[in-house]
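Asks: I have a structure here, written as structure tokens, and I will follow up with some questions on it.
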Amino acid sequence: MKDAAVLACALLAMPAVSPVCAQDAASLKQEMIGQWELSTTDRSKTCVVTLKGDSTSHGLKLALEPGCAAALPFTKDITNWSIKGLDIVRLQDAKEESVLDFTEVETGIFEGVRANEGVYILQNLAAARSLAKSMDQMIGDWAMVRGDGNTVCGLTLTNNDAGNDNFQVFLKPKCDAVIAAFAPTQWRLERGQILLMSDRGETWHFEADDNAQWRLVPDSADPLIMLRQ
């Protein structure tokens with residue numbers, strides 16, 4: 459839909475703003491009003507930003523929680539926000555210069571880059587806190603069992619940073635040969651799945667089932683299930 463709107467704007471480009479462009483920008487503005495978490499990709503540094511719909515002489519009003527400048531020093535320059543073009547959410551300074559521009563990379567998740575610093579994420583505050591809670595619940599010891607109930611491996615999910623938004627995982631001794639050969643070293647929670655990843659680039663996906671167990675997908679006649687210990 460956004461691509462179609464961009465094309466429409468290009469075709470209808472005139473001194474006055476086309477109705478398609480105005481409508482799309484207005485919709486994004488309305489969607490952005492509320493509380494958001496601004497963070498590094500691994501969420502080691504976070505800041506709560508409240509985007510408001512009230513206008514100022516240089517943009518739209520916002521509020522930063524008191525700890526923002528300490529966590530993310532560049533936020534001290536942010537005084538207001540705006541929508542640029544069709545899909546850019548701009549956090550800007552008093553001169554309307556960009557401090558950080560964001561574009562949506564997933565529903566409700568926006569990504570921005572600061573030169574020589576890296577990538578930052580803007581995510582709905584409630585969703586971000588829900589994800590953090592879910593991650594915390596995953597950390598600890600797990601058992602891998604087959605459908606017949608036999609335990610074939612033990613592993614520990616940690617919150618040790620492994621880079622690229624991943625965390626370290628450690629297998630316990632005496633694992634099933636297939637799992638030992640897979641040898642996962644990293645994990646993360648993504649779109650409701652537990653992802654286990656090996657250093658060779660192989661990834662196993664586990665989804666929660668109706669019994670609050672995590673099953674390897676796609677499912678098989680001899681399923682592999684992860685159980686919290």
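Sequence positions in the sequence shown follow this note's numbering and run 459 to 687.
Glycine is no exception: its CB is placed at the ideal position from the N, C-alpha and C atoms.
Specify the secondary structure class of Leu549 as computed by DSSP and reduced to three states.
Replies: Residue state, collapsed to three classes: strand.
Asks: Tell me whether Ala641 sits in a helix, a strand or coil according to DSSP, three-state version.
Replies: Of the three classes helix, strand and coil, the one that applies to Ala641 here is coil, per DSSP.
Asks: So, with DSSP's three-state summary, where would you put Ala573?
Replies: Reduced to three states, the DSSP call for Ala573 is coil.
Asks: Pairing CB atoms from the stretch 540-553 with CB atoms from the stretch 601-618, are three or more of them under 8 Å?
Replies: Short answer: they don't touch.
Asks: Relative to the C-alpha of Ala638, which candidate in Glu660, Leu520, Ile546, Asp551 has its C-alpha closest?
Replies: Considering only alpha carbons, the answer is Glu660.
Asks: Contact between the stretch 647-658 and the stretch 586-606 is defined here as three or more beta-carbon pairs at a separation below 8 Å; is this criterion met?
Replies: These segments touch.
Asks: Out of curiosity, what's the CA-to-CA distance linking Ala635 and Pro524?
Replies: Using only the alpha carbons, I get a separation of about 52 Å.
Asks: Let me confirm a value: Glu575 is counted as buried when at least 16 other C-beta atoms fall within 10 Å, else exposed. Which label applies?
Replies: Counting Cβ neighbours within 10 Å, Glu575 comes out exposed, since fewer than 16 surround it.
Asks: Name the two residues that bound the continuous alpha helix (DSSP H) containing Ala679.
Replies: Looking at the DSSP string, Ala679 is not in any alpha helix (DSSP H), and its letter there is neither H nor E.
Asks: Can you check whether the CB of Glu665 is closer than 8 Å to the CB of Gln581?
Replies: No. Outside cutoff.
Asks: Between the alpha carbons of Met490 and Asn622, how many angstroms are there, rounded?
Replies: So the two alpha carbons sit approximately 26 Å from each other.
Asks: Looking only at its chain, what residues have a beta carbon closer than 6 Å to the beta carbon of Ala641, apart from the 5 residues adjacent to it on each side?
Replies: Once the five neighbours on either side are set aside, the close Cβ partners of Ala641 are Ser656.
Asks: What number of angstroms, rounded off, separates the C-alpha of Leu652 from the C-alpha of Val603?
Replies: Checking the displayed sequence, the identity of residue 652 turns out to be Ile instead of Leu. C-alpha separation (whole angstroms): 16 Å.
Asks: Check the DSSP bridge columns for Gly612 and list the partner residues they point to.
Replies: DSSP, once it has assigned bridges, lists Ala601 as partnering Gly612.
Asks: Which word fits Gly570, buried or exposed, when buried means at least 16 other C-beta atoms lie within 10 angstroms of its C-beta?
Replies: Gly570 is buried by the Cβ-count criterion.
Asks: Give the straight-line distance between the Cα atoms of Ser556 and Trp672, rounded to the nearest whole angstrom.
Replies: Their backbone Cα atoms lie some 43 Å apart in a straight line.
Asks: Measuring CB to CB, does Asp559 end up less than 8 Å from Ile546?
Replies: In this structure, Ile546 lies closer than 8 Å to Asp559 by Cβ.
Asks: Measuring alpha carbon to alpha carbon, tell me which residue in Val627, Thr533, Asp606, Leu629 is nearest Ser691.
Replies: There is no way to answer for residue 691, as the model of the chain reaches only from 459 to 687.
Asks: I need the DSSP call for Cys479, collapsed to helix, strand or coil.
Replies: Below a pLDDT of 50, predicted positions are generally treated as unreliable, and Cys479, at 46, falls in that range; no measurement from the model is reported.
Asks: Taking the alpha carbon of Glu554 as the reference point, which residue from Ile579, Leu522, His516, Thr561 has its own alpha carbon closest?
Replies: Cα-wise, what sits closest to Glu554 is His516.
Asks: Suppose you measure from the CA of Ser592 to the CA of Ala586; what does that come to, to the nearest Å?
Replies: When rounded, the distance between both Cα atoms is 10 Å.
Asks: Nearest to Phe532 by CA position, among Cys505, Asp512, Phe625, is which residue?
Replies: Taking only the C-alpha atoms, the option nearest Phe532 is Cys505.
Asks: State the start and end residues of the unbroken beta strand (DSSP E) segment that holds Cys633.
Replies: Cys633 -> no beta strand (DSSP E), and no H or E assigned at all.
Asks: Measuring straight from C-alpha to C-alpha, what distance separates Ser497 and Gln488?
Replies: Cα to Cα, Ser497 sits roughly 22 Å from Gln488.
Asks: Please classify Ala462: does DSSP put it in a helix, a strand, or coil?
Replies: Its pLDDT being 42, under 50, Ala462 is placed unreliably in this model, and the coordinates cannot settle the point.
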